[in-house]
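Under my numbering, residue 218 is the last one in the sequence shown; the count climbs by one each step, no gaps.
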Amino acid sequence: MGKFQVMDHPLIQHKLTIIRDKNCGTKVFREVVDEITMLMAYDVARDMPLKDVEIETPIAKTTVKTLAGKKVAIVPILRAGIGMVDGIMKLIPAAKIGHIGMYRDEKTLEPHEYFVKLPADIDQRQIFVVDPMLATGGSSIMAIDALKKRGATNIKFVCLVAAPEGVKALRKAHPDVDIYTAALDDHLNKEGYIVPGLGDAGDRLFGTK
Ligand code: U5P
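In structure tokens:
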């Protein structure tokens, strides 16, 4: 079974409170999502494997560590996931970025895949799938289905706010996937929004409402 981790570092909790507030505007929302994602990425990357390299400091030759593992791909679920790409890129600048476009039918709440563009060697990469909200789990399950269909095996899912319903569904559908969230909220409402949540993450990031 994959990991399930609520990353409740005080800085993360504080910053999450800023963006939950309905009076937080688009500019601050975007900046703080970026900061939270960077803080999360630091710990999500904790189990990245290292290997020895020999280098020469100004003083002596020495054997030290460098990242050895699979190369990384960040895969945002469009459109809200885009807000979480830069925060990870700041720490792992060599990562490639894939995109998976999903939209949610507002009546049935069923997700639909409309766009998939991934690095050619996606099957070789450590993948961070990002979406700020894990609500019903429909989008993340389908995005991860799309990745596995193309050979991906090493997948972590990173979100800011999760509902218990979504965590349960994602773990059932993809038990091998590690899930990292900044907060585990109370429940989903009838419209599929997380309560208390932070509203529609895409609209708040891009100022579309
Ligand atoms: N979503 C929100 N806020 C919520 C619930 C869902 O923005 O409170 C959006 C997210 O953008 C995410 C998608 O991409 O819906 C996740 O929904 P689901 O497929 O997990 O239900």
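Glycine is no exception: its CB is placed at the ideal position from the N, C-alpha and C atoms.
Enumerate in chain order the residues of its own chain whose CB-to-CB distance from residue i is below 7 Å, with the five nearest sequence positions on each side excluded.
i, result
"L20", "L48"
"I150", "A178, L179, A182 and H183"
"K38", "The displayed chain sequence assigns Phe, not Lys, to residue 38. Only I28, R213 and L214 meet the Cβ criterion."
"N198", "V204"
"M10", "P184"
Based on Cα-Cα distance, which residue from the options lies nearest to residue i?
i, options, result
"L169", "A210, H196 and K158", "A210"
"V125", "Q135, K116 and Y112", "Y112"
"A104", "V138, T72, Y123 and T117", "V138"
"P102", "D185, A50, V42 and K199", "A50"
"V167", "K70, L76, P120 and I86", "I86"
"D185", "G201, I106, I164 and E200", "I164"
"Y189", "T46, C33 and V41", "T46"
"V41", "V94, T75 and K157", "V94"
"G201", "P120, M10 and K70", "P120"
If I'm right that residue i touches residue j with Cβ under 8 Å, what's the distance once you round it to whole angstroms?
i, j, result
"K31", "G208", "7 Å"
"I136", "V53", "Contact doesn't hold; Cβ gap of about 11 Å is too wide."
"A161", "L143", "Not really, about 18 Å apart at Cβ, beyond 8 Å."
"G92", "P141", "6 Å"
"R134", "K80", "5 Å"
"E65", "T72", "Not confirmed; about 11 Å, so no contact."
"L127", "T145", "Not quite, the Cβ-Cβ distance comes to about 24 Å (not below 8 Å), so this is no contact."
"G96", "D61", "Rounded, the Cβ-Cβ distance is 29 Å, inconsistent with contact."
"A82", "L59", "20 Å between Cβ atoms; not a contact."
Considering only residues of the same chain and omitting the five flanking positions on each side of residue i, which have a CB-CB separation below 6 Å?
i, result
"K12", "D187"
"R88", "G211"
"D195", "V204"
Rounded to whole angstroms, what is the Cα-Cα separation between residue i and residue j?
i, j, result
"E115", "G206", "18 Å"
"D56", "D130", "21 Å"
"T35", "D132", "36 Å"
"P67", "T217", "53 Å"
"G175", "V204", "12 Å"
"I106", "T75", "22 Å"
By Cβ distance below 8 Å, which residues in the same chain neighbour residue i in space, the five residues on each side in sequence not counted?
i, result
"A192", "V15, D17, Q22, L25, L169, V170 and A171"
"E122", "I109, G110, M111, M151, A152 and A155"
inquiry  = Which complete alpha helix (DSSP H) runs does the region 89 to 128 hold, if anything under 4 residues is left out?
reply    = 94 to 100
request  = Kindly provide the ranges of any alpha helix (DSSP H) runs that are 4 or more residues long and lie completely inside the region 22 to 91, ordered along the chain.
outcome  = 35 to 53
key: Segments of 3+ residues assigned as beta strand (DSSP E) that fall wholly inside the region 133 to 181   = 135 to 139 and 163 to 171
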